[in-house]
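Below is one structure, written out as structure tokens, with a few remarks after it.
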Amino acid sequence: MALPFSRSTLFITLTVFVLCLSLSHLPFMSNAQDGTATFYTPPYTPSACYGYEDEGTMIAAASDEIWNNGAACGKMYQVKIVDYCPSAGCRSTIDLSQEVFASIADPDSGVINISYQQV
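The UniProt record's numbering puts the sequence shown at residues 1 to 119.
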């Protein structure tokens with residue numbers, strides 16, 4: 001019995017379907033926000049979110065732009081928000097730990113442009 005369509009048509013249709021299904025699960029940078037990042041140096045405790053609890057070095061402090069009255073505590077942006085960077089002293093959207101900043105940029109640059117998205 002002959003199929004009403006060729007095998008190549010079926011293969012192309014299935015390939016497009018699987019590709020569309022895969023792409024629908026990818027995070028798109030269209031949701032990303034533009035901002036800047038700086039860094040701060042140890043000690044990283046106490047913090048506004050966790051007090052004297054050590055949260056490691058892959059952490060950041062949130063500016064007023066994302067702080068949201070403390071709702072940013074524990075939110076993930078590939079780093080964990082553990083502290084608050086008040087407007088008076090904050091020169092960026094996210095103030096990264098020195099270790100995080102050094103992993104993406106030369107610390108001598110001081111401030112970098114970033115795109116960020118909560119994960």
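Glycine included, each C-beta is placed from N, C-alpha and C at the ideal position.
Self-check item: Reference I66, options G110, K80 and P46, closest by Cα
Solution: K80
Quiz item: Among the residues of its own chain, which have a CB less than 8 Å from the CB of G51, if the five just before and after it don't count?
Solution: T45
Quiz prompt | DSSP-derived helix/strand/coil call for D54 | solution = coil
Quiz item: Which of the three DSSP states, helix, strand or coil, is assigned to G70?
Solution: helix
Quiz item: If we ignore side chains and look at the alpha-carbon of each, how far apart do A60 and S47 end up?
Solution: 10 Å
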